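Colleague: Encoded as structure tokens, here's the structure I'll be asking about.
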Ligand code: C2E
Ligand code: MG
Ligand code: MG
Ligand code: MG
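Numbering (UniProt numbering), first residue to last: 295 to 579.
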């Protein structure tokens, strides 16, 4: 009995625990360095208008190629950035980089300035006083209009301080940016409250979209979100579309925009620019 007890408490300090702490520590150190050295990149995933099949914009997604460990997923490094506060400079970097990309592609494709780029904003980032300034300075720095950018926010950013959130979104809206609620359906939305926010787009989470053909409950949630958005005068984007069937069903249900591997994976800036050019030439022929 004694031995078992000892083993059990000993397990609290198994090498696994130490490794996790060490890994976290070194990931934070490495991420700080990567940010300073410019080792992060934005990749861009096309967003497609489901009615016309044409490109409506891109979502910017952070990518980190670690010198020793290879590609590290944002699913792993964004939480570390949030806990360490590095999300603040990382978030500024993403806004500035996306704004510069819009300006660069506009310059290369004159007269065709109608695509948008979406940027993910962490809850930690939007709870800071300087977030509106960060967005406006990115727009000003690249000399682009606010309506060229969509800010993707998550519901978790609003639970604690609904009144503050409303003020903040009104301020972001006054920069003329487009606002999207990301991963919609996974949080604890207060619907009465949602209606008061100046949200333009509900993004239906991939967990509902990818299984909607095989799971009736998920399909019901997708339908409900689409009709909610319609009732509130919001547009909808479905993420995680991996087949033509899902794309077609969503189009028939009135979903505005689709995103997913069926259309294209996230790609480098150069590849995304080529995608944009190909899309433009398909309409001007
Ligand atoms: P998200 O904002 O919900 O982004 C969509 C994620 O779904 C991306 O994963 C994208 O690659 C993936 N995806 C899109 N279509 C498909 C599909 O058809 N199938 C599958 N299996 N996946 C698909 P990614 O790039 O790994 O990013 C994960 C999350 O990391 C993002 O989820 C976002 O929450 C966060 N993130 C990424 N970049 C940034 C950033 O610059 N700032 C912040 N704050 N968060 C970021
Ligand atoms: Mg997103
Ligand atoms: Mg999303
Ligand atoms: Mg998601």
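Every residue gets a Cβ at the ideal spot worked out from N, C-alpha and C, and that includes glycine.
Model, not experiment: these values are computed from the prediction.
CB of residue 472 to nearest heavy atom of ligand 2: below 7 Å?
Modeller: Counting from 1 along the chain shown, the entry for residue 472 is found at position 178. The answer is no for residue 472.
Colleague: Rounded to whole angstroms, what is the Cα-Cα separation between residue 379 and residue 417?
Modeller: Position 85 of the chain shown, counting from 1, holds the residue named residue 379. Position 123 of the chain shown, counting from 1, holds the residue named residue 417. Approximately 12 Å between the Cα atoms of the pair.
Colleague: Collect the residues with a C-beta less than 5 Å away from any heavy atom of ligand 2 and give them in sequence order along the chain.
Modeller: Those residues, listed in chain order, are 414, 446, 476.
Colleague: Rounding to the nearest angstrom, what Cα-Cα distance links residue 306 and residue 320 in this structure?
Modeller: Taking the first residue of the chain shown as position 1, residue 306 is located at position 12. Taking the first residue of the chain shown as position 1, residue 320 is located at position 26. Residue placement at residue 306 is flagged as unreliable, the pLDDT there being 42, under the threshold of 50; a coordinate-derived value is accordingly withheld.
Colleague: Per DSSP, what kind of secondary structure is residue 331 in: helix, strand or coil?
Modeller: As a position in the chain shown, residue 331 is number 37, starting the count at 1. It is coil, neither helix nor strand.
Colleague: Could you tell me how far apart the beta carbons of residue 470 and residue 440 are, in whole angstroms, since I believe they sit closer than 8 Å?
Modeller: Taking the first residue of the chain shown as position 1, residue 470 is located at position 176. Taking the first residue of the chain shown as position 1, residue 440 is located at position 146. By a beta-carbon distance limit of 8 Å, residue 470 contacts residue 440. Their separation comes to about 3 Å.
Colleague: How would you call residue 302, buried or exposed, if buried means at least 16 neighbouring beta carbons within 10 angstroms?
Modeller: For the purposes of this step, residue 302 is taken as the residue at position 8 of the chain shown. Note that residue 302 scores a pLDDT of 37, beneath 50, so its modelled location is shaky and nothing firm can be said.
Colleague: Can you tell me where the beta strand (DSSP E) holding residue 352 begins and where it ends?
Modeller: Here residue 352 is taken as the residue at index 58 of the chain shown, counted from 1. Taken as a continuous stretch (DSSP letters only), the beta strand (DSSP E) holding residue 352 covers 349-360.
Colleague: By a C-beta neighbour count over all protein chains shown, 10 Å radius and 16 as the cutoff for buried, is residue 534 buried or exposed?
Modeller: Numbered from its first residue, the chain shown carries residue 534 at position 240. Burial call: buried.
Colleague: Tell me whether residue 382 sits in a helix, a strand or coil according to DSSP, three-state version.
Modeller: If you number the chain shown from 1, residue 382 lands on position 88. Residue state, collapsed to three classes: helix.
Colleague: May I ask whether a heavy atom of ligand 1 can be found less than 7 Å away from the beta carbon of residue 552?
Modeller: Reading the chain shown from its first residue, position 258 is the one you call residue 552. Result no, Cβ not under 7 Å from ligand 1.
Colleague: Would DSSP call residue 404 helix, strand or coil?
Modeller: For the purposes of this step, residue 404 is identified with residue 110 of the chain shown, where counting begins at 1. In this structure, residue 404 counts as coil in the three-state DSSP scheme.
Colleague: Run the proximity test for residue 421: is its beta-carbon closer than 7 Å to any non-hydrogen atom belonging to ligand 1?
Modeller: Position 127 of the chain shown, counted from the start, is the residue given in the question as residue 421. Residue 421 Cβ: outside cutoff for every heavy atom of ligand 1.
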